[in-house]
Amino acid sequence: MFDQVLIMTVNPGFGGQEFIPEMLQKIRDTRQLLDDIGSDAIIQVDGGIEASTVAAAYAAGARDFVAGTAIFGYPEGITAGIKKLRESLTTS
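Mapping of the sequence shown onto this note's numbering: position 29 corresponds to residue 216, and the numbering continues sequentially without gaps.
What follows is the structure in C-alpha cells.
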C-alpha cells in the first residue's frame with residue numbers, strides 16, 4: 188500500500204540536531220514489520236544523518252537518507268560532504 192516509510196531521527200523543527208540513538212530500534216522494528224508483511228518498502232531516515240550515524244542507520248534497515256548539515260555545512264564543501272557519507276557506508 189506504500190513504497191516508503193519516513194522515520195524522523197531528530198525532533199522535527201530545525202537543522203543541525205543530533206541523531207536520536209533510540210531511533211535505531213524503531214528502524215529495526217519497522218524493517219521487521221515490513222519484512223513480516225512481505226513489503227519491500229524503503230525506510231528513509233531524516234535528521235542527524237552524518238558520517239558517524241549513517242552506517243548505523245543503514246545496518247538497522249534504512250536505505251534512503253536525508254542529510255542537510257552533513258552535506259551543505261561540510262567544511263570542505265558539498266561534494267566532499269557527500270563523498271564522506273558514501274565512504275562511511277562502504278567502510279562499515
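Every residue gets a Cβ at the ideal spot worked out from N, C-alpha and C, and that includes glycine. In this text the structure is predicted, and so the values were computed from the model without any measurement.
Same chain, Cβ closer than 8 Å to D227, neighbours up to 5 away in sequence not counted: L221
Best match in M210, G260 and E205 for proximity to Q231 [C-alpha to C-alpha]: M210
Rounded C-alpha distance that separates Q191 from A244: 15 Å
Option nearest G255 by Cα separation, candidates T196, M188 and G202: Of the listed residues, the one whose Cα sits closest to G255 is G202.
A267 beta carbon less than 8 Å from that of E237: Remark: C-beta atoms of E237 and A267 do not approach each other more closely than 8 Å.
Runs of beta strand (DSSP E) lying entirely within the stretch 218–262, each at least 3 residues, in chain order: Counting only runs of 3 or more, we get 229–233 and 251–253.
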